[in-house]
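Each remark here refers to the structure printed beneath this line.
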Amino acid sequence: MTSNKFDAFAITAANYDALTPLSFLPRTALMFPDRRAVVYGQRSYSWKEFYKRCTKLASALNNIGIGRGDTVAVLAANTPEMVEAHFGIPMSGAVLNTVNTRLDDETLAYILGHGEAKVFIVDYELAPQVKNALKIHGDNDLFVIDILDLQNTDNPATIGATDYEAFLATGTDKFQWDMPTNEWDAIGLSYTSGTSGRPKGVVYHHRGSYLMSMGTITDWDLPRHPNYLYTVPMFHCNGWGHVWTMAALAGTMFCTRAIVPEEIFSSILEHDISHFGGAPIVLSMLLNSPAAKDFSCQHTVQLMTAGAPPPASILQGIEKLGFNVTQVYGLTETYGHTVMCTWNSDWDSLDEEARAKLKARQGAAMVQTAGMRIVDMESREDVPADGQTIGEILIRGNTVMKGYLKDVENTAASLTNGWFHTGDLAVMHPKGYAEIKDRLKDIIISGGENISSVEIEGVLHRHEAVALAAVVALPDEKWGEVPCAFLELLEGAQVTEKDIEVFCRTHLAGFKRPKKVIFGELPKTATGKIQKYELRILARSGH
Numbered sequence: 005m006t007s008n009k010f011d012a013f014a015i016t017a018a019n020y021d022a023l024t025p026l027s028f029l030p031r032t033a034l035m036f037p038d039r040r041a042v043v044y045g046q047r048s049y050s051w052k053e054f055y056k057r058c059t060k061l062a063s064a065l066n067n068i069g070i071g072r073g074d075t076v077a078v079l080a081a082n083t084p085e086m087v088e089a090h091f092g093i094p095m096s097g098a099v100l101n102t103v104n105t106r107l108d109d110e111t112l113a114y115i116l117g118h119g120e121a122k123v124f125i126v127d128y129e130l131a132p133q134v135k136n137a138l139k140i141h142g143d144n145d146l147f148v149i150d151i152l153d154l155q156n157t158d159n160p161a162t163i164g165a166t167d168y169e170a171f172l173a174t175g176t177d178k179f180q181w182d183m184p185t186n187e188w189d190a191i192g193l194s195y196t197s198g199t200s201g202r203p204k205g206v207v208y209h210h211r212g213s214y215l216m217s218m219g220t221i222t223d224w225d226l227p228r229h230p231n232y233l234y235t236v237p238m239f240h241c242n243g244w245g246h247v248w249t250m251a252a253l254a255g256t257m258f259c260t261r262a263i264v265p266e267e268i269f270s271s272i273l274e275h276d277i278s279h280f281g282g283a284p285i286v287l288s289m290l291l292n293s294p295a296a297k298d299f300s301c302q303h304t305v306q307l308m309t310a311g312a313p314p315p316a317s318i319l320q321g322i323e324k325l326g327f328n329v330t331q332v333y334g335l336t337e338t339y340g341h342t343v344m345c346t347w348n349s350d351w352d353s354l355d356e357e358a359r360a361k362l363k364a365r366q367g368a369a370m371v372q373t374a375g376m377r378i379v380d381m382e383s384r385e386d387v388p389a390d391g392q393t394i395g396e397i398l399i400r401g402n403t404v405m406k407g408y409l410k411d412v413e414n415t416a417a418s419l420t421n422g423w424f425h426t427g428d429l430a431v432m433h434p435k436g437y438a439e440i441k442d443r444l445k446d447i448i449i450s451g452g453e454n455i456s457s458v459e460i461e462g463v464l465h466r467h468e469a470v471a472l473a474a475v476v477a478l479p480d481e482k483w484g485e486v487p488c489a490f491l492e493l494l495e496g497a498q499v500t501e502k503d504i505e506v507f508c509r510t511h512l513a514g515f516k517r518p519k520k521v522i523f524g525e526l527p528k529t530a531t532g533k534i535q536k537y538e539l540r541i542l543a544r545s546g547h
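What follows is the structure in structure tokens.
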């Protein structure tokens, strides 16, 4: 490459610094030390206090030998400890692995082993489950720390070598931690279900997490000092990255352990909540709650939703309660939302029903997203923006994952020809707005969580009466989608739907168990491949 006069400058510490969301914390703690950072019931920490606690966590981890390249796993509800983990763990140089709280023991054990966790921070409510997973995992060197949450219980179950507050006390808030020198360094590890049946470890880097936060601020039009109700599980795509976004804006995060509509309504009024997020199931729960009848708010609450295409009727209903809904689309592989249904002034004059239908679209590329395309499945050329022609969504940019941990083959297959191939089918509307129509992958999205049909099929195939099993998504009013199993039994075998339900209880997490079981010969191609598209039609027809 030919150089020119503008290439004569060197990159130095004075003119270049690695992008990282960790940089938000010391700045905010300095500028707004007394503003509240985290509120959880009776517990409340200012940004100054929060920064000190995160620094002590980093120091304590460093004291036991944790540093760059190590994995620290966290299995917890949305509590202050989970928020602190998003800063304290990467401040130590380690990688944060937030783990889904709804996983079964075997999958949890697999993640601990595959991610090579050296420290495991565990919420007391999940201790019994973790105890079984640790037996399967079999690593006696794994350092386990209990989150006691004495505000929530007087008698927490413990399985660790120490509890979180005691561990924090071994660190110092004078610890001199270092920002990453390379913004490509890993900051997070999130596991997502895939067609292989085993969850895949998605690796995030500091640059992507920084830009994700900045993109959310600009595209969601966030103000300084928002009051954010944290209903999005922080284990899912790092809570859509909003932990870091709130730090950039010196906002206040109001934590909640569970989704309870009555408590959400009361929190909005009590704490003057300005923003929160949730999957469409959360919108449905709010809309159908008896408390909705008496809910009256003097200000509009901004609500971000993602995880599954929400019905226009749900959007209509929830906005009548005083919420302004913004739908976003993304995957674990894109740090969460990468596409947003940004409001277009052309829609102002439309009636309520028409606006709700437009808001049900997934949207256009966000500012941090370098590009989004919808391409024909055969020609791989862009489909026309006619709202009719279906193709696959492709994404590229700084908020696409580094890759799948220890999985060169799937990484190469997903990141092809300069684009991330989502496996989601959509149509393109004018002005770059995409609308999802179906999914290439046999992933079931239930309550915003990905479920691998292959994993469920693998369990069902272990039943002594089952010859063939296929699992597809069954539309569900509450969860969006739930698993529906089709079983072809061995000749002469007899089994009931109740028998299958009992069998699955010991092998699958509750949200992964089939909610409907249909018996009969499975439709197959000439080569013996099960025709799942026919099963989807059968499932939706109620047969």
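In the numbering used here, each number is its position in the sequence shown, counted from 1, plus 4.
Cβ coordinates follow ideal geometry from the N, Cα and C atoms, glycine included.
Because the structure is a prediction, the values reported are computed rather than measured.
- DSSP places Ala374 in the uninterrupted beta strand (DSSP E) bounded by 373-379.
- Contact between the stretch 65-81 and the stretch 108-124 is present, with at least three C-beta pairs closer than 8 Å.
- For Gln155, the three-state secondary structure derived from DSSP is coil.
- Note: Pro479 is bridge-paired with Glu485 in the DSSP secondary-structure output.
- Using a 10 angstroms sphere on the CB of Gln331, the tally of other CB atoms reaches 16 or more, which defines it as buried.
- Annotated three-state conformation of Ser418 is helix, per DSSP.
- Taking Cys58 as the centre and dropping the five residues before and after it, the same chain places the C-beta of Leu29, Glu88, Phe91, Gly92, Met95 closer than 7 Å to its C-beta, in chain order.
- Nearest neighbour of Phe54 by Cα position, chosen from Arg509, Pro37, Tyr114, turns out to be Pro37.
- Within the same chain, and ignoring the five residues on either side of His511 in sequence, the residues whose Cβ sits closer than 6 Å to its Cβ are Val463.
- In this structure Leu154 is exposed. Its beta-carbon is surrounded by fewer than 16 other beta-carbon atoms within 10 angstroms.
- Restricting attention to Lys528, Trp483, Val470, the CA atom closest to the CA of Glu501 is found in Val470.
- In the three-state reduction of the DSSP assignment, Glu396 falls in the strand class, which pools E and B.
- For Ala543, the secondary structure class from DSSP, reduced to helix, strand or coil, is helix.
- Counting along the chain, Asn454 sits inside the beta strand (DSSP E) bounded by residues 453-456.
- For Ile318, there is no enclosing beta strand (DSSP E); the residue is part of the alpha helix (DSSP H) that begins and ends at 316-324.
- Rounded to the nearest whole angstrom, the CA to CA distance from Phe280 to Asn19 is 36 Å.
- For Met370, there is no enclosing alpha helix (DSSP H), since its DSSP letter is neither H nor E.
- Excluding residues up to 5 positions away in sequence, Val329, Ala360, Lys363, Ala364 lie with their Cβ nearer than 7 Å to the Cβ of Leu319 in the same chain.
- Residue Thr220 holds the alpha-carbon nearest to the alpha-carbon of Met344 among Ile68, Thr220, Gln306, Ala296.
- Here Trp188 is exposed, its C-beta having fewer than 16 other C-beta atoms within 10 Å.
- If the five residues before and after Ser288 are omitted, its C-beta is found closer than 8 Å to the C-beta atoms of Ile318, Glu481, Lys482, all from its own chain and listed in chain order.
- Within 10 angstroms of the beta-carbon of Ala497 lie fewer than 16 other beta-carbons, which makes it exposed.
- Residue pairing from DSSP places Ser194 in a beta bridge opposite Val206.
- With fewer than 16 other Cβ atoms from the protein chains shown falling within 10 Å of its own Cβ, Phe13 counts as exposed.
- Taking a contact to require three or more Cβ pairs closer than 8 Å, the stretch 381-396 and the stretch 449-458 do not qualify as touching.
- Ser271 is not a Cβ neighbour of Leu307, given a cutoff of 8 Å.
- Here the alpha carbons of Ser194 and His118 stand approximately 12 Å from one another.
- Straight-line measurement puts the Cα of Phe179 at about 23 Å from the Cα of Ser48.
- When C-alpha distances from Pro230 are compared across Thr222, Ser213, Ser278, the shortest belongs to Ser278.
- In this structure Thr256 is not in contact with Glu267, their Cβ atoms being roughly 17 Å apart against a cut-off of 8 Å.
- The residues Tyr208, Gly212, Ser213, Met216, Cys241, Gly245, Thr403, in chain order, have a CB closer than 7 Å to that of Tyr339 in the same chain once the five nearest residues on each side in sequence are set aside.
- About 23 Å separates the beta carbon of Met183 from that of Ser50, a gap too long to meet the 8 Å contact definition.
- Remark: C-beta atoms of Thr105 and Leu130 approach each other more closely than 8 Å.
- Judged by DSSP secondary structure, Arg47 falls within the beta strand (DSSP E) whose first and last residues are 47-50.
- Proximity of the stretch 476-495 to the stretch 515-522 meets the contact definition, three or more beta-carbon pairs being nearer than 8 Å.
- With 16 or more neighbouring CB atoms inside 10 Å of its own CB, Ser457 falls in the buried class.
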